[in-house]
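Colleague:
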Amino acid sequence: MFETCLIIATILHLAALDVMDSDHKFCTICSKRHISKPSIEWCSECNQAFCVECSECHRLMSTTENHMTVPIDSYDELRASVLSISNMCEDHNETYHLYCQSHDKLLCPTCIEDHSECKDIKSINKITKISRIPNHSMKYERLKEELSQLERKAVIDMQLTLKDLEEKKLRNARKRKQMQDITTYASDLHTFIGLKKLSSDTATYVASLQSLLENRSLDKVEIALKLDENITNFSNRINTFGSVQLQKIPGNIRLESQKNKQAQIIEERSIDDIVVKLVNTMNTKGDSIMGCEFSPGGKMVFSNFSFKLKDASDFIAVFDSDCTHLHNISVNPNYAFDVVALDEKHVAVTSPKQNESCIMLIDICSKEVTRIKTKSECRSITVSDGNFLSIAPKLGILSINAKMETF
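Here the sequence shown stands for residues -17 to -1, 1 to 390, numbered as in mature numbering (1 follows the signal peptide of the UniProt record, and there is no 0).
1. Please check the pair Val189 and Glu276, which I expect to be a contact at CB under 8 Å, by giving their CB distance rounded to whole angstroms.
2. For Ser286 and Leu178, what's the separation of their Cα atoms in angstroms?
3. How would you call Glu149, buried or exposed, if buried means at least 16 neighbouring beta carbons within 10 angstroms?
4. Tell me the DSSP secondary structure of Met343 in three-state form.
5. How would you write the range of the alpha helix (DSSP H) that Lys15 sits in, first residue to last?
6. Which value, in whole angstroms, describes the spacing of the CA atoms of Gln245 and Ser334?
7. Hey, which unbroken runs of the alpha helix (DSSP H) at 4 residues or more fall wholly within the region 102 to 182?
8. Just verifying my parser: in three-state terms, what is the DSSP assignment at Thr185?
9. Candidates Cys34, Met44, Cys72: which alpha carbon is nearest Asp56's?
10. Between the alpha carbons of Thr264 and Leu309, how many angstroms are there, rounded?
11. Step through the CB atoms of chain C and report whether any lies within less than 8 Å of the CB of Ile355.
12. Please go through the same chain and pick out, in chain order, the residues whose beta-carbon is closer than 8 Å to the beta-carbon of Ile232, but skip the five residues on each side of it.
13. In whole angstroms, give me the CA-to-CA distance for Glu103 and Asp147.
14. Mapping DSSP to helix, strand and coil, what is Asn384?
15. What separation, rounded to the nearest whole angstrom, lies between the Cα atoms of Thr144 and Asp368?
16. Specify the secondary structure class of Cys40 as computed by DSSP and reduced to three states.
17. Give me, in chain order, the residues of the same chain whose beta-carbon lies closer than 8 Å to that of Asp184; leave out the 5 immediate sequence neighbours on both sides.
18. Let me check understanding here. Comparing Cα to Cα, which of Asn266, Thr353, Ser85 lies closest to Ser99?
19. If you measure between the beta carbons of Ser278 and Phe298, is that distance less than 8 Å?
20. Under a three-way DSSP split, which group does Tyr82 fall into?
21. Using the Cα positions of His75 and Ser45, report the straight-line distance between them to the nearest angstrom.
22. How would you call Leu81, buried or exposed, if buried means at least 16 neighbouring beta carbons within 10 angstroms?
23. Please report the Cβ distance between Gly274 and Val322, rounded to the nearest whole angstrom; I am assuming they are in contact, meaning their Cβ atoms lie under 8 Å.
24. Can you tell me the Cα-Cα spacing of Lys356 and Gln142, whole angstroms?
25. I'd like to check one pair, Cys29 with Lys20: are the Cβ atoms closer than 8 Å?
26. Looking at Arg42 and Glu36, is the spacing between their C-beta atoms short of 8 Å?
27. If you reduce the DSSP assignment to three classes, tell me which class residue 439 lands in.
28. For Ala385 and Val258, I'd like the C-alpha separation in whole angstroms.
29. Given a threshold of 16 other Cβ atoms within 10 Å of its Cβ, counted over all protein chains shown, does Cys361 qualify as buried or as exposed?
30. Are there 16 or more other CB atoms within 10 angstroms of the CB of Ser38, so buried, or fewer, so exposed?
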């Protein structure tokens, strides 16, 4: 508290600038004698401006020799910085003269009646004299620099923590999208395996969040001043007023396990417990469905391979996500063995026709068909890193450039 009054009392010396009259550029004493002389100084305690001669007398008088004055040229700048500060008691409209350390309150002569039992009341004039000791200004500067260093460290630590949380947020969003895709489009086997992997990744993610709580990276940070025990003994033997420290205050952030949230539970199941359940049926209008694929938007595409050497009627059937049949696309005179989705509108279909084998790129909306000729009879097909992977009899898995010349 004591150091607080030092700061307040010093400010009060400047607070009187707020009531300075509009004629502050002229000496107040001389003006009362109807003489206009330019002022050079302003005394906040006398609330008066002085010319050269009057300023000299002001410094020589025993009652005012310790008053703080400011150059008149600095008046406007200083006045603007203390406009909101008053050295007058709001309750009694009297000037503050005393300071009660017990209640950390400034007192006017009338206020003292309510503090008759307080034993640590100090004169503001004595406090301000102590605050003017030149040796202490250097200590204030040292404390100010220490405060700036701690503030910079706190800011850097918070920025690193926020960056780490942002990265975790992005990874979590990708995992959520992956889980949604798996549960929507993958088979039961792939769903089981995929959720096992996501469960492990989720445990790692939760552990990393838990570590942020344990190492107190998410705690609130406050800058506190730890006072020197001998702060009241303002002597040259004191090297510092104290030290500024960063204090970690436990935050109100709690990490709730996903196991406690019913909507986010990933149930561990044995593959033996997976039961196939009939959800819906559809008529593909085909006699031999060989391939099935889901587009990113949920559309279903089936390839019908007739096995007929002559008069083949191969086609692909396109259904909406609600099992509504949209249309069939004929691939005659080619075959339709297997199908893979390339994007929302396009699929690739293999045609293992002897001497005319190809991969067809089909727009399932416009029904436009483009062909890529292959040297081998490609059958099953998938896409990886921009290349088609297909199985050919006696050759195994082939990698085919998806940008090959079309015809």
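For every residue, glycine included, the Cβ atom is placed at its ideal position computed from N, Cα and C.
Modeller: The structure says:
1. With a Cβ gap of about 35 Å, Val189 and Glu276 do not count as contacting.
2. 29 Å
3. exposed
4. strand
5. 11 to 15
6. Model confidence at Gln245 stands at a pLDDT of 45, short of 50, so the residue's coordinates are unreliable; what they give is reported in the following sentence. Those two C-alpha atoms are separated by around 47 Å.
7. 107 to 114, 117 to 168
8. helix
9. Cys34
10. 15 Å
11. As a matter of chain content, chain C is missing from the structure shown, which is built from one protein chain.
12. Asp202, Lys203, Val204, Glu205
13. Correcting the residue type first, residue 103 is Asp in the shown sequence and not Glu. Looking at the two C-alpha atoms, the distance is approximately 50 Å.
14. strand
15. 35 Å
16. helix
17. Lys158
18. Ser85
19. no
20. strand
21. 29 Å
22. buried
23. 4 Å
24. 56 Å
25. no
26. no
27. Given that the chain is displayed from residue -17 to residue 390, the structure contains no residue 439 and the question cannot be resolved.
28. 38 Å
29. buried
30. buried
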